[in-house]
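Undergrad:
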Amino acid sequence: FIRSPDVPKSIFEVEGARDVAIEVNSFSKYAGFTGVRLGWVVIPSGLTFSDGTPVKQDFNRVMTTAFNGASNIVQNGGLACLDDEGMSE
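The number in the numbering used here is simply the position in the sequence shown, starting from 1, with 121 added.
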């Protein structure tokens, strides 16, 4: 959990990261979602394999094939964490 303003909160705050990085995060530590699984992945549109195909296309195919997704109640909990009241806590 990062509170220091001089420490990047995202890998994409580091120069050049959009060309090589995928960011994976969850609400487990951020919002005390232990035991309840909800997270996110950020894949830059410009991130490609050596043959030029977008990484996000393959990632999306694998994720939508392998996982059913989070329940509505868990998704609503995640959204509540990101609204103004949730961010102030």
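Backbone N, C-alpha and C fix where the C-beta goes; we use that ideal spot for every residue, glycine too.
Classify residue 170 as buried or exposed, calling it buried when 16 or more other Cβ atoms lie within 10 Å of its own Cβ.
TA: That one is exposed.
Undergrad: Looking at the structure shown, is residue 173 part of a helix, part of a strand, or coil, going by DSSP?
TA: Of the three classes helix, strand and coil, the one that applies to residue 173 here is coil, per DSSP.
Undergrad: Below 6 Å CB to CB, which residues in the same chain sit around residue 179 once its five sequence neighbours on both sides are set aside?
TA: none
Undergrad: With DSSP as the reference, please indicate the residues paired to residue 146 in a beta bridge.
TA: 161
Undergrad: Looking at the structure shown, is residue 124 part of a helix, part of a strand, or coil, going by DSSP?
TA: coil
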